[in-house]
Every structure is written in C-alpha cells, then in structure tokens.
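Before any comments, here is the structure.
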Amino acid sequence: MRQPNSTPTAELMLRETASQTAGPYVHIGLALDVAGLPERDEEIWNRMAWPEAEGEHIEVVGTVIDGNGDPVRDALLEAWQADARGEYRPEFDLEQPFNGFGRTATTAEGASEWRLETIKPGAVTRGDGRVMAPHINLAIFARGVNIHLQTRLYFEDETEANAACPVLNAVESPARRQTLIARREEADGKVRYRLDIRLQGDNETVFFDF
Amino acid sequence: MQNANKRFVERDRDWHPPAYAPGYKTSVARSPSQALVSLQAPSASELTGPDFRQLRMGRHDNDLLMNFREDPALAGSAGLPVGERIIMFGRVVDQFGKPVPHTLVEMWQANAGGRYRHKKDGYLAPLDPNFGGVGRCLTDEQGWYRFRTIKPGPYPWGNGINTWRPAHIHVSVMGPSISTRLVTQMYFEGDPLIPICPIVQTLKDPEAVETMIGRLDMARSRPMDCLAYRFDLVVRGELQTYFENQ
Ligand SMILES: [Fe+2]
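If you read the sequences in order, they're chains P and D. According to my numbering, the first sequence holds residues 0 to 209 in order. According to my numbering, the second sequence holds residues 75 to 320 in order.
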C-alpha cells in the first residue's frame, strides 16, 4: 500500500479554516504594549538581534500606506528571516542572541512607522539550487485586510545578488521589483533600511502567493 | 535538503475572503489591485517557520479568568471577570487530519459587554477591571489547545448605520511554517448576528463560514462551572510527509 508522494483526492482532504481580518484590536493579542496592556514575561517583538549576534546589525523601518496615500496606523507585521549565514533557525528562544522571527506594528501617532532591530540575513539557496538575494519575509495583518499579505524586503546595496535573484526576477515588471527594495540610510552610526509598503495604487508593493 | 521535496497544499484563495470585499468598507482602500505573484519553486523562506517551544509562558497565559486584574489585591470571586464562563478548546490539524503538535495558538477578545481593553476602543460598554482579553498556549503532542475565558459580547461598529459584530474570539495559529500561518475568528454556534455580519460575508462559500463556528460541547463542559465550545483549526497540509504506509 506504500504510495510515495501520493496525494489524497481533494474530496478527502479537509478544507483549511477560513481567514478573517485581524481587526483594529490585533494588538491586544499580538502586540500587548501597543494596546496598552501589561506585557507578559516573554513577548514576541521587534528586537530580533542582540549585540552578540553574528552579522551586520541593522534597523529596518517603514510605513504601510493605503490606496488613498494615507498611513495604515493599525497594521501588525511579522518578519521571518535567515541568519547571517543564510540559514533559517526555527528555534525561537529569547535567551539566544538572534531570532529569525519578529513582530512589529505601525504606530497610531506621528510617522506611523514599524521598526525591527535585526541582522542582515545571508543569501538563501532555494530547493532547485538557485540562490536568492538576502531578504526578509514580511506578513501584514490589519483591519480591512481579510487575509494577511505576504511580501519580501530586499536590500538596495545587494545590487548583484538582487539582479540574479530568481524570486525578484519572477516579478515580470522591473519597475514593480523596485517596490521590494529597501533603501539604505545611515543615522547615528546605525545602518538602517527603509521600505514603505503600499497596499494599493501607485507603486503598489508586490505581494506573493506561496 | 529535507526541504527539497516538501510542499504545502496550495492555498485556495477562492475559499478565503478576497482582499477586496466592498461590503466590508475598510477593505476597499487596503486591498491590492495587482495580482499576487506566485512563487513556483519552494524555498526554505516559505517552508520553514518559528518553533515556539522555548517561549516561556506564564502560568495563566491560557486562562483569561485569571490572567488579568487591575487590583492584584482582589482574590477569589471578587477578582473574577463578569460573563459566561467558558472553555474554548480544539485541535490543530492539517488538511490530511494530521495533528499539529507544539504550535503557538494565540487569541484575543472583547469582554462580556463587547468592549476591548485597547487604547482605541471607545465603546460605551465598560471595561471589566478583571479582564484583559488575551491568551496564548502551545498545542500538545496531539495538537490540542485549550483556553478558559468568558464569552465575549457582540459590539457595534461603524461599517454601516447599525452594524454589529457577532460574539467572536480572534484566533491566530502558526502551524509548521509561515506557509501555514493563519489568523481567523471563532464565532458561536447559533448566533443570529453571524449571517448578517459584513466581515463574515466577505466569504463567498457558506461552507467556509462553517469552518469558523465554535460548537457547544456538553461533554467537555463542567457541571456548575462552565460551558465548553470546541473549535478545531485546520492548517494547510504538508504534501511530502504523506505516505500511506502505516
Ligand atoms: Fe473583534
């Protein structure tokens, strides 16, 4: 009866639980401090790297902009990235210097920026052997977003790697590829990359299905 | 390596709500107008995800009756939240029915009056000094999770002149990779507000709505204590691990 890689017919498979918006109060569940709730002993938040972590320490910031050009002030973002050597390390442990997973949120006031403190990931080799340029996977949850949006953040100064990246090249329009490239800034001796995510309209960010 | 042949069952985007669902007004300006770009060749970027077994949880993280009180001096029944006491439980499985062990399930909700403990919620129903509204836990070896809480109240919102959310609990599950990541809402079986909710109506298929209904389970309720609602979560199935050899 051994049938390697056989797939049950669609009728026998369960259907995935349907998605619903995370709503305006997503912070109560996933970003307690932003909601105004006391934090628990350990929270999953935006400090992904501590000084001991191997690699180039960077800050990643940006906004989320809606189709009217207004900032989305109640978005929650999740980041998932490889370490400096290009390896994904699933074990999440706040006692280790680097975690590949983090969360952040846009702020209700001011510039409404999200922010991550992390290290620059290494290039990741795909299953087919092709090398993807360094990138951070981002998921966006918000009121009005019925199923989370998935995108990637690439780095401006990885010109060659970006040009050869099979995923960036899968985006047909070269102009649209630019919506995934974070711009490098240097401030107070810190390296910072900035990416504004545009949900709709002019320069709409590329979102992925996988 | 071991990821080379791994794949997840394709996400059926007609089953899930579309990004643009004009009956839910906020989606209009927050929905991409361009098509999603499909990643044809899978990579570790999508096939892996965080494992939260080392995240240290508090003793009452999954017990919303106990995990918040404004005045820590309040103890016993004086420190309990108002509302119908319930157990919310279920199993996280994949589309092949395989349990998803040790995965993070998080939830948040309004209090019994329909008010959220959030800076931005100004609904006139009062806050409950003994209720925060957040919980989390890891599924066990067999994929089971469990919370103790109170049943949230319905609340009005500004989508239309008189729109109300059915009672619901927001639920977030990670699953084995970021491909299985899912945020949804659990509704309560029989609530007449469900079919008239613009957010529920973002789903086209009534069967998809059924996947979001928590069902009363008298066998798991506790006499003289609380009712129980069962809510199973189904995440995308992993294709490579499916062998009919057991
Ligand atoms: Fe809600």
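Just so it is clear, CB atoms sit at the ideal spot from N, CA and C, and this is done for glycine as well.
Check: By Cβ distance below 8 Å, which residues in the same chain neighbour residue 22/P in space, the five residues on each side in sequence not counted?
Finding: As a first step, residue 22/P must be located in the first sequence, where it is residue number 23. Its chain contains 142 as the residues whose beta carbon lies nearer than 8 Å to that of residue 22/P, once the 5 sequence neighbours on both sides are disregarded; these appear in chain order.
Checklist line | Where residue 179/P sits in the DSSP three-state scheme | finding: The residue you call residue 179/P lines up with position 180 of the first sequence. If DSSP states are grouped into helix, strand and coil, residue 179/P belongs with the helices.
Next item on the list: For residue 192/P, verify whether its CB is less than 8 Å away from any heavy atom of ligand 1.
Entry: Looking up residue 192/P in the first sequence gives position 193. For residue 192/P, the CB stays at least 8 Å from every heavy atom of ligand 1.
Item checked: For residue 75/P and residue 90/P, the rounded distance between their alpha carbons -> Translated into positions along the first sequence, residue 90/P becomes position 91. Translated into positions along the first sequence, residue 75/P becomes position 76. C-alpha separation (whole angstroms): 22 Å.
Checklist line | Cα-Cα separation between residue 318/D and residue 77/P, rounded to whole angstroms | finding: If you number the second sequence from 1, residue 318/D lands on position 244. If you number the first sequence from 1, residue 77/P lands on position 78. Note that residue 318/D scores a pLDDT of 42, beneath 50, so its modelled location is shaky and nothing firm can be said.
Checklist line | residue 17/P Cβ short of 8 Å to ligand 1 heavy atom set | finding: Stepping through the first sequence from its first residue, residue 17/P is reached at position 18. Because no heavy atom of ligand 1 lies under 8 Å away, the Cβ of residue 17/P does not count as near it: no.
Notebook entry, point to check: Is residue 134/P near ligand 1, in the sense that its beta carbon is under 8 Å from a heavy atom of that ligand?
Noted result: Counting from 1 along the first sequence, the entry for residue 134/P is found at position 135. Incorrect: residue 134/P has no Cβ contact closer than 8 Å to ligand 1.
Check: Is any beta-carbon of chain P found at less than 9 Å from that of residue 312/D?
Finding: On the second sequence, residue 312/D is found 238 positions in, with the first residue counted as 1. For residue 312/D, the answer is no, since every Cβ of chain P falls outside 9 Å of its Cβ.
Next item on the list: For residue 153/D, decide whether its Cβ has a neighbour in chain P, counting only Cβ atoms nearer than 9 Å.
Entry: Counted from its first residue, the second sequence places residue 153/D at position 79. No, no contact with chain P.
Margin query: Which residues in chain P have a C-beta closer than 8 Å to the C-beta of residue 219/D? List them in chain order.
Written below: Here residue 219/D refers to the residue found at position 145 of the second sequence. Identification of chain P residues near residue 219/D by a Cβ-Cβ cut-off of 8 Å yields none; the smallest Cβ-Cβ distance measures about 13 Å.
Item checked: residue 191/P beta carbon less than 9 Å from that of residue 63/P -> For the purposes of this step, residue 63/P is taken as residue 64 along the first sequence, with counting starting at 1. For the purposes of this step, residue 191/P is taken as residue 192 along the first sequence, with counting starting at 1. In this structure, residue 191/P does not lie closer than 9 Å to residue 63/P by Cβ.
Next item on the list: Just grab the DSSP bridge partners of residue 80/P for me.
Entry: Reading the first sequence from its first residue, position 81 is the one you call residue 80/P. Residue 80/P is bridged to 135/P.
Check: How would you list, in chain order, the residues of chain P whose beta-carbon sits under 8 Å from the beta-carbon of residue 139/D?
Finding: The sequence position of residue 139/D within the second sequence is 65, counting from 1. Near residue 139/D there are no residues of chain P at all, since even the closest Cβ is about 16 Å away, more than 8 Å.
Margin query: Please classify residue 198/D as buried or exposed, where buried requires at least 16 other C-beta atoms within 10 Å of its C-beta.
Written below: Within the second sequence, residue 198/D is the residue found at index 124, counting from 1. In this structure residue 198/D is exposed. Its beta-carbon is surrounded by fewer than 16 other beta-carbon atoms within 10 angstroms.
Note to self: Count Cβ pairs between the segment 163-181 of chain D and the segment 212-223 of chain D that sit closer than 8 Å; are there 3 or more?
What the structure shows: Yes: at least three Cβ pairs fall under 8 Å.
Notebook entry, point to check: Mind checking if residue 111/P is an interface residue toward chain D, Cβ cutoff 9 Å exclusive?
Noted result: Reading the first sequence from its first residue, position 112 is the one you call residue 111/P. Output row for residue 111/P: interface = no.
Next item on the list: Measure the CB-CB distance between residue 223/D and residue 183/D and report whether it falls below 9 Å.
Entry: Taking the second sequence and counting its residues from 1, the one referred to as residue 223/D is at position 149. Taking the second sequence and counting its residues from 1, the one referred to as residue 183/D is at position 109. Yes, they are a contact pair.
Checklist line | Neighbouring residues, chain P, relative to residue 190/D (Cβ below 7 Å) | finding: Along the second sequence, read from residue 1 onward, the residue named residue 190/D stands at position 116. Neighbours of residue 190/D on chain P, chain order: 24, 27.
Check: Using a threshold of 8 Å, is the CB atom of residue 212/P nearer than that to any non-hydrogen atom of ligand 1?
Finding: The question about residue 212/P has no answer, for chain P in this structure spans 0 to 209.
Checklist line | Buried or exposed (CB count within 10 angstroms, at least 16 for buried), residue 208/P | finding: The residue labelled residue 208/P in the question sits at position 209 within the first sequence. Counting Cβ neighbours within 10 Å, residue 208/P comes out exposed, since fewer than 16 surround it.
Check: What residue does the alpha helix (DSSP H) around residue 27/P start on, and which one ends it?
Finding: In the first sequence, residue 27/P corresponds to position 28, counting from 1. Unbroken alpha helix (DSSP H) run through residue 27/P: 25-29.
Note to self: Pop quiz: residue 28/P and residue 244/D are said to be a contact at Cβ under 8 Å. What is the actual Cβ separation, rounded to whole angstroms?
What the structure shows: On the first sequence, position 29 is the one that residue 28/P refers to. On the second sequence, position 170 is the one that residue 244/D refers to. A Cβ-Cβ separation of about 6 Å places residue 28/P in contact with residue 244/D under the 8 Å criterion.
Notebook entry, point to check: In chain order, what residues of the same chain have a beta carbon less than 7 Å from the beta carbon of residue 99/D, not counting five sequence neighbours either side?
Noted result: Position 25 of the second sequence, counted from the first residue, corresponds to residue 99/D. Cβ within range, chain order: 233.
Note to self: Tell me which residue opens and which closes the beta strand (DSSP E) that residue 283/D is part of.
What the structure shows: Taking the first residue of the second sequence as position 1, residue 283/D is located at position 209. In the DSSP annotation of this structure, residue 283/D is not part of any beta strand (DSSP E); the continuous alpha helix (DSSP H) holding it starts and ends at 280-284.
Next item on the list: Specify the secondary structure class of residue 41/P as computed by DSSP and reduced to three states.
Entry: Here residue 41/P refers to the residue found at position 42 when the first sequence is read from its first residue. Residue 41/P: coil per DSSP, three-state reduction.
Notebook entry, point to check: How about residue 275/D: is its Cβ closer than 8 Å to a heavy atom in ligand 1?
Noted result: The count along the second sequence starts at 1 and reaches residue 275/D at position 201. No.
Check: Considering only residues of the segment 245-275 of chain D, which uninterrupted beta strand (DSSP E) runs meet the minimum length of 3 residues and lie entirely inside it, listed in chain order?
Finding: Listed in chain order, the complete beta strand (DSSP E) runs (minimum 3 residues) inside the segment 245-275 of chain D are 256-262.
Check: Does the beta carbon of residue 161/P come closer than 9 Å to any beta carbon on chain D?
Finding: One-based indexing of the first sequence puts residue 161/P at position 162. Not a single C-beta of chain D is nearer than 9 Å to the C-beta of residue 161/P.
Check: Taking the DSSP output, what are the residues bridged to residue 118/P?
Finding: Sequence index remark: in the first sequence, residue 118/P carries index 119 (1-based). Paired residue(s): 56/P.
Check: From residue 150/D to residue 289/D, what does the alpha carbon distance come to, in whole angstroms?
Finding: Locating residue 150/D in the second sequence gives position 76, where the first residue counts as 1. Locating residue 289/D in the second sequence gives position 215, where the first residue counts as 1. Looking at the backbone, the Cα of residue 150/D and that of residue 289/D are separated by about 29 Å.
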